[in-house]
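Asks: Residue numbers (the numbering used here), protein chains in the order written: chain A, 333 to 1015; chain B, 12 to 635.
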Amino acid sequence: MAYRLGVDVGGTFTDLLLLEAGTGSFWRHKTPSTPHDSSEGILDGVEAICAKAGITPAEVEIFLHGTTVATNAVLEGKGARVGLIVTEGYKQVMQIARSFVPGGLAGWIVWPKPEPLAKLEDTVEIAGRMDAQGGEVRPIDDADIRAQLEKLKSRGVEALTVSLMNAYLNGAHELRVAELAAEILPDVPISLSHVVLPEMQEYERTLTTVANAAVRPVVGRYVRNLRDKLRGAGMAGQLSLLRSDGGLMSSEKSEEHPVSLLMSGPAGGVTGALWVAKNAGLKNILTLDVGGTSTDVALIENLDARRVRTTEVGHLSVRASALDVKTVGAGGGSIAYVPELTRALRVGPQSAGAVPGPVAYGKGGTLPTVTDANVVLGYLPEALLGGTFKLDREGSIKAVQTIADALGIDLYAAARGIIDIVNENMFGALRMISVQQGYDPRDFALMGFGGAGPIHVNAVARLMGSWPAVSPVSPGVLCALGDATTRMRTETARSFSTLARDSKVSDLTAVLDEMAAQTRASLIADGVPEADITVLFEVDVRYAGQAFEVPLMLDPEMLGRDGIVGITARFDAEHERLFTFTMESPHEIVNLRAVALGTVLELPAPELPKGDGDPIAARLRDHELWMEGRMMPAVIYDRAKLRQGDVIPGPAIVIEMDSTTLIESDCVATVDAFGNILINPAT
Amino acid sequence: MPARIIQTNPTPFAQQAIDPVSLDIIENALRNARIEMDATLVRTAMSPGIREQGDSFPLIADHNGRMIVGQFGSYIGPFLDGFEGTIEEGDLIMLSDPYSVGGAISHSNDWLVLLPVFKDGRLIAYTSMFGHMSDIGGKVAGSMPIDARSIFEEGVRIPPVKIYAKGQYNADLVKLIMTQTRTPDWCKADLNALIASCRVAARRVVEMADRFGDDLFVSATEELLARNHRAMASLIESAIGDTPVSFEDFICDDGLGYGPYRIKCTMWKQDGRVVLDFDGTDPQSEGSINFYLNENMLRMFFGIYMIMVFDPQILFNDGFYDLIDVRIPEGSLLKPRFPAALSGRTHALGRIFDILGGLLGQKTPEFLNAAGFSSSPHLFYSGTDKKGEWFQLFQIGFGGIPGRPLGDGPDGHSLWPGFTNVPNEFLERYFPLRIERYETEADSGGAGLHRGGNGIRMTYRFLEPGTISIHDDRWFTKPWGVNGGKPGARARKVLEKPDGTQTVVGNKAENIVVEKDDQLHFITWGGGGWGDPLERDPALVAHEIVQGLVTVEGAQAYGVAIVDGEVDAAATEALRARMRDDRDATLPTFDHGADIETLRAGCQAETGLPAPIQPRWQLAMAAE
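1) Distance, Cα to Cα, I374/A vs S357/A?
2) Against chain A, does A136/B count as a neighbour if the rule is that its beta carbon must be under 8 Å from one of theirs?
3) Answer yes or no: do D904/A and G945/A have a C-beta to C-beta separation smaller than 8 Å?
4) Who are the neighbours of G760/A on chain C, taking C-beta pairs under 7 Å?
5) So what does DSSP say about V456/A, is it helix, strand or coil?
6) Per DSSP, which residues does M278/B bridge with? Please list them.
7) Do we get a CB-CB distance below 8 Å when we pair L620/B with the residues of chain A?
8) From R214/B to L123/B, what does the alpha carbon distance come to, in whole angstroms?
9) Can you pull out the residues from the stretch 244-269 of chain B whose beta carbon lies closer than 9 Å to at least one beta carbon of chain A?
10) At a Cβ threshold of 8 Å, is S442/A touching chain B?
11) Note the first and the last residue of the continuous alpha helix (DSSP H) segment covering R472/B.
12) In three-state DSSP terms, what is G410/B?
13) List the whole-angstrom C-beta distance separating V551/A from I522/A, where the pair is believed to meet the contact cut-off of C-beta under 8 Å.
14) Relative to chain B, which residues along the stretch 407-438 of chain A have a C-beta separation below 9 Å, given in chain order?
15) Should I624/B be labelled buried (16 or more other beta-carbon atoms within 10 Å of its own) or exposed?
16) Can you tell which of K397/B, D529/B and V563/B has the C-alpha that lies nearest to the C-alpha of P509/B?
17) Could you check whether the stretch 485-503 of chain A touches the stretch 390-399 of chain B, counting it as contact only if at least three pairs of C-beta atoms, one from each stretch, sit closer than 8 Å?
18) Note the first and the last residue of the continuous beta strand (DSSP E) segment covering H526/A.
19) So what does DSSP say about C999/A, is it helix, strand or coil?
20) Starting from the beta carbon of R763/A, find every residue of chain B whose beta carbon is closer than 8 Å, and list them in chain order.
21) Under the three-state reduction of DSSP, which class applies to R133/B: helix, strand or coil?
22) Check the Cβ of G749/A against every Cβ in chain B and list those closer than 9 Å, keeping chain order.
23) Compute the beta-carbon to beta-carbon distance between L635/A and L606/A, rounded to the nearest angstrom, for a pair I have assumed lies under 8 Å.
24) Assign G740/A to buried or exposed, taking buried as 16 or more other Cβ atoms, counted over all protein chains shown, within 10 Å of its Cβ.
25) Pick helix, strand or coil for E635/B, following the three-state DSSP scheme.
26) Can you check whether the CB of N1008/A is closer than 8 Å to the CB of V802/A?
27) Compile a chain-ordered list of the residues in the stretch 872-889 of chain A whose CB is closer than 8 Å to at least one CB of chain B.
28) Would you call the CB atoms of Y303/B and G114/B closer than 8 Å?
29) With a cut-off of 8 Å on the beta carbons, I'd call A652/A and T643/A a contact; round off their distance for me.
30) I46/B: which of G377/A, G710/A, A761/A and T674/A sits nearest, CA to CA?
31) Can you check which of these residues, T659/A, P690/A and D577/A, is closest to R641/A by C-alpha distance?
32) Candidates L855/A, Q768/A, M595/A and I516/A: which alpha carbon is nearest F911/A's?
33) At a Cβ cut of 9 Å, what residues of the stretch 528-560 of chain A count as close to chain B, listed as they run along the chain?
34) Is the stretch 229-242 of chain B in contact with the stretch 255-272 of chain B, if contact means three or more CB pairs nearer than 8 Å?
35) I need the boundaries of the alpha helix (DSSP H) containing W197/B, first residue and last residue.
36) Quick check on this structure: which residue in R310/B, P621/B, W486/B and N522/B has the alpha carbon closest to the alpha carbon of M78/B?
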């Protein structure tokens, strides 16, 4: 039997999900994370979950893993010390950082400028120059390069980056530097800009290459350590990592190109949501992954998650494909406050985090948080399932009362105000990925997961008009589920930069064929059988002169049939949809991309026993909560005892080990065949 | 006669009570709509000025034309007062004449689009956006001739006209306008982009009104304005004194050889209101450096500086306008009489921020920022290439952010919100030039406990013959330091021929002919320093020497002695002691480096350029 094991390492817990690919049976397990060395927690979990399933680790064929190790290295400044080699005259490219200052007018007064990822003192210049057509203007000089490499060597750099002007057109100079670096700094990994990101724009290319170099040693150590430990535990199967774009890559490849892992963590939730959506018969989904300090949102259209070409991590914007996940500083730990001057109610982005945490957790928190408001309103019952953990409702009330007093309104109105505002912040993020991209949120369902997603999903769905609101089965381990159910992926791109009217179908086809061959070979090298590989193409088009392209799917057959005109017609339609107008300007075909994919795991989800529609068997107790401006009776249910077809009228609360689902008063929930809770307006 | 607003539904909006939570939600939603306007513009515009550098400004106003979100304050009120016509559903108004909107746009290069938003027959809001066009015709490429003597030399000037009237597009009118520019493709795309942005925001406003109800939405905008009023009233009460304080600063020259021009502002509190009085500001220039300063814009700038410190999350809106009394003398540099030329207004516009900072910080030096990069240096390069095709580049430069209470000023950054440089690889690919050097100028940031940011040195190598024009300032007067901090270095422009000969060229120069392989070193000024440089950690100074941001010679301004790349602690101690002895015990709040006469005397030797001549009108006035 083929077993797949998905593992997601979070700040507090490591979640594991083991699947038996033939039957779809699965086991889940949660174990405390071990931040000093995540592999310890992982190994504990592996042994425990294998024991649960009655197998040995040797029977796990594929180990799939989403990790935040690269992200954290960037966010916490724990990347390697990177030496950067640039063209003469460009030493301060990272220091100047395109001169951009965030914030509005006068925002510069309060902006703390972040330190560049490659230090200025570890940046050196070399002579030699390429022009904007890729021709050599001035040659490089080996002696000069050696001298600069020696300088970096003496500074003790741990990784090396070369990013020369116009190298995206001609990488010859960068390659020569790499040759000499191999002599002088033989043990230092080297990243070349024309390899990592063969695209125009010196700052973005340099930043991306530096980011890659900075996280490389950290990721390499992490992956090798994990691989060794797993092998030691007898696991012989393949180790794959989740890329920012929701695909998988081999652990070996991730060591060379870790910049593709920067959004690996949030991508897991989105791929998990995809799997749930497929089972629940939903095609269009907005995801709402609510954690303690932040919320991640993404858009899935027709069972395909929307991707972007940049990965945003902290203040950095790196050019690497990622799922279009937007993050807002709104979560369970977000702190509510009322500034004296405006007497407005603000929630977040400051967060009580895990420590001291919300007041309700009794770990020393004193400031009112979103979780406290949920407790005050009765949306989070005091006694959670299992009875091991009791929430401090009195403490929450006292904290939220301070907000009520500052606003001159009553306690429950203040608590609901906090919830309304945090929901609104999530709504704002969801609008950015839906309405602002030309999507109508009413065509989408909203899926809430992560610790606090299912408690907010109903209210946010109402704001969006996105029904049903979905609380997926096992919302707490959805990321691990995503890791386990996605597929291998690789991609490549070529600049084309030619006006559509000057382009021939045969020119396009030649590039597509070449890219298809390259990406296929890459997946085959990663162990994917050739017959399982699908290659898809994309083309970026814009009106000549615009700075931003609109990506379109490109099907070689369609290209043959409709020709170039077919592409430009589709672009015009898309431009009209996005921006309300089209132009007579000529079209430019900017980039071509190929994506090679392995097969999707056809994994049937196990069905729940059929019920008679009445959830009475799952009823735990009666309850009271505050909604529509008053206290009202509600019922608490145990999720584990729900049957398919059960209909739960709101207001109600469904609790399980690690999550709580809130069904609002004028809504009704139904339990689908696989245990997903689908909430719709009652009428 | 003011504009006539035609509504098919005459029912007035009903005032409704609004809870604080709904109010905050509407505030947020409006903020998001504004961000969406920017995003739409950047994605669809074509000129590098707008799409890469972000030289554009959005606004959403209530049905009375008062700005709810935006940055530059509302010009809709003055516009409506002066517009002889109707405002109807389906109208879309465009204009570029600064004299038609009381200076709300301050030169004809800024094209403004105004969209009245109707819902169910009632005017419910306005959305508007203006952006800088690369070229609008006139006597020079880029349409900003520094030596223009009247606005008629500065290209097409568009009075308020409807490019859509009741939904009908006026193609002839747009064709007429586009015929005036050297870059019709860019202008067309940019105009489309401005319109698309306004339409996107209008759609959001209607959605919001649908969601909350029209009356509640309108009531919310009222309350947002009132909230700002209350916040600003209490700020003014606590932060502004009754005793007048004055501050003055200068525009170095007018590009015609005359200067400097004084801008002076005096501020005091009177009956709970702030008075900002520009009495003492020099008369208007004969050239184009005049800045037609809109009173509401100044109120907005002032409010932003005030609010920034106390609740940066608050939305700036027009609510507090009646708390600020702005007095600008007619016929002055800041309120020139028609048809004064206006295209070179960027320098005075920027300088207003230094003046506001200097004014507000005098009584609270801990909040004071040094003088800085308060302008947008421009470079124009145009010509016809080997293939016979016209090329035209307009670049905005960046420089040193001043030393701040928060810390050092960033090197080579922008003071303008949202502006970024155009990637050099993009420039090289699409224009006949190569950027040989793109770095910050060591030691150009003023010394201080918090160092001023360095200016930028950008070296352009021109690959085709053509002409260039330069607009910059702060080459004669210095960016002042504060609280003991030293002034930053001044701006410089050097033209280098292929044989290596270098010539200093003016900082406001029009139509300089360049040959293939000439290089222009475009050096911007540094930010002033903040606080006593002798208090700066010597190790940090040494570190910045290694980084190349400060030189060994530059370290002397900090009293730091460097030997073989290391701090010589004893020598540093001695040097600092000697420097302390040699200066006044109390450090000046403002350090301008030198007075105007001293600057004049040393000008040729220090800058390589003759000192500007005292403007003639002053002689005339002295004779009166």
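Cβ atoms here follow ideal geometry from the backbone N, Cα and C, with glycine treated the same way.
Replies: Let me lay it out:
1) Here residue 374/A is taken as the residue at index 42 of the first sequence, counted from 1. Here residue 357/A is taken as the residue at index 25 of the first sequence, counted from 1. Just so you know, the alpha carbons of I374/A and S357/A end up roughly 21 Å apart.
2) Translated into positions along the second sequence, residue 136/B becomes position 125. Closer than 8 Å: no.
3) On the first sequence, position 572 is the one that residue 904/A refers to. On the first sequence, position 613 is the one that residue 945/A refers to. D904/A places its beta carbon 8 Å or farther from that of G945/A.
4) Absence of chain C from the displayed structure is noted, the protein chains being A and B.
5) Counting from one through the first sequence, the residue named residue 456/A turns up at place 124. V456/A falls in the strand class under three-state DSSP.
6) Stepping through the second sequence from its first residue, residue 278/B is reached at position 267. DSSP lists V256/B and L287/B as the bridge partner or partners of M278/B.
7) As a working mapping, residue 620/B is identified with position 609 in the second sequence. No, its Cβ sits nowhere closer than 8 Å to a Cβ of chain A.
8) Here residue 214/B is taken as the residue at index 203 of the second sequence, counted from 1. Here residue 123/B is taken as the residue at index 112 of the second sequence, counted from 1. Straight-line Cα distance between these residues: approximately 19 Å.
9) Answer in chain order: S245 and L246.
10) Against the first sequence, residue 442/A aligns to sequence position 110. This sequence places Val at residue 442/A; Ser is not what is there. It does: the Cβ of V442/A has a partner Cβ on chain B nearer than 8 Å.
11) Translated into the one-based positions of the second sequence, residue 472/B becomes position 461. Per DSSP, R472/B belongs to no alpha helix (DSSP H); it is in the beta strand (DSSP E), I467 to F473.
12) One-based indexing of the second sequence puts residue 410/B at position 399. Residue state, collapsed to three classes: strand.
13) Position 219 of the first sequence holds residue 551/A. Position 190 of the first sequence holds residue 522/A. In this structure V551/A is not in contact with I522/A, their Cβ atoms being roughly 15 Å apart against a cut-off of 8 Å.
14) Cβ contacts with chain B: E420, G421, Y422, K423, Q424, V425, Q427, I428, A429, R430, S431, F432, V433, P434, G435, G436, L437 and A438.
15) In the second sequence, residue 624/B corresponds to position 613, counting from 1. By the neighbour-count criterion, in which a residue is buried when 16 or more other Cβ atoms sit within 10 angstroms of its Cβ, I624/B is exposed.
16) In the second sequence, residue 509/B corresponds to position 498, counting from 1. Among K397/B, D529/B and V563/B, the Cα nearest to that of P509/B belongs to D529/B.
17) With the cut-off at 8 Å, the stretch 485-503 of chain A and the stretch 390-399 of chain B do not touch.
18) Here residue 526/A refers to the residue found at position 194 when the first sequence is read from its first residue. Premise fails: H526/A lies in the alpha helix (DSSP H), S525 to V528, not in any beta strand (DSSP E).
19) Translated into positions along the first sequence, residue 999/A becomes position 667. C999/A: strand per DSSP, three-state reduction.
20) Numbered from its first residue, the first sequence carries residue 763/A at position 431. Neighbours of R763/A on chain B, chain order: N43.
21) For this step, residue 133/B is matched to residue 122 along the second sequence. Here DSSP, grouped into helix, strand and coil, assigns R133/B to strand.
22) Here residue 749/A corresponds to residue number 417 of the first sequence, with the count starting at 1. Those within 9 Å of G749/A in chain B are D30, P31, V32 and D35.
23) Within the first sequence, the letter at position 303 stands for residue 635/A. Within the first sequence, the letter at position 274 stands for residue 606/A. Indeed they touch by this definition, with Cβ atoms about 6 Å apart.
24) The sequence position of residue 740/A within the first sequence is 408, counting from 1. Around the CB of G740/A, fewer than 16 other CB atoms lie within 10 Å, so the residue is classed as exposed.
25) Counted from its first residue, the second sequence places residue 635/B at position 624. With a pLDDT of 34 at E635/B, under the threshold of 50, the predicted position of this residue should be treated as unreliable, and no value is reported.
26) For the purposes of this step, residue 802/A is identified with residue 470 of the first sequence, where counting begins at 1. For the purposes of this step, residue 1008/A is identified with residue 676 of the first sequence, where counting begins at 1. Yes, Cβ-Cβ distance for V802/A and N1008/A is below 8 Å.
27) Within the stretch 872-889 of chain A, the residues whose Cβ lies closer than 8 Å to some Cβ of chain B are Y875, G877, Q878, A879 and F880, listed in chain order.
28) By one-based count along the second sequence, residue 303/B stands at place 292. By one-based count along the second sequence, residue 114/B stands at place 103. Yes, the Cβ-Cβ distance between Y303/B and G114/B is below 8 Å.
29) Mapped onto the first sequence, residue 652/A falls at position 320. Mapped onto the first sequence, residue 643/A falls at position 311. About 5 Å separates the two Cβ atoms, so the contact holds.
30) Taking the first residue of the second sequence as 1, we reach residue 46/B at position 35. Looking at the Cα atoms, A761/A is the closest of the given residues.
31) The residue given as residue 641/A occupies position 309 in the first sequence. Closest in alpha carbon position to R641/A, among T659/A, P690/A and D577/A, is D577/A.
32) Translated into the one-based positions of the first sequence, residue 911/A becomes position 579. Closest by alpha carbon: Q768/A.
33) Result list: M532, Q533, E534, Y535, E536 and R537.
34) Segments in contact, no.
35) Here residue 197/B refers to the residue found at position 186 of the second sequence. In this chain, the alpha helix (DSSP H) harbouring W197/B covers P195 to F223.
36) Start at 1 with the first residue of the second sequence, and residue 78/B comes out as number 67. Here the closest residue by C-alpha is R310/B.
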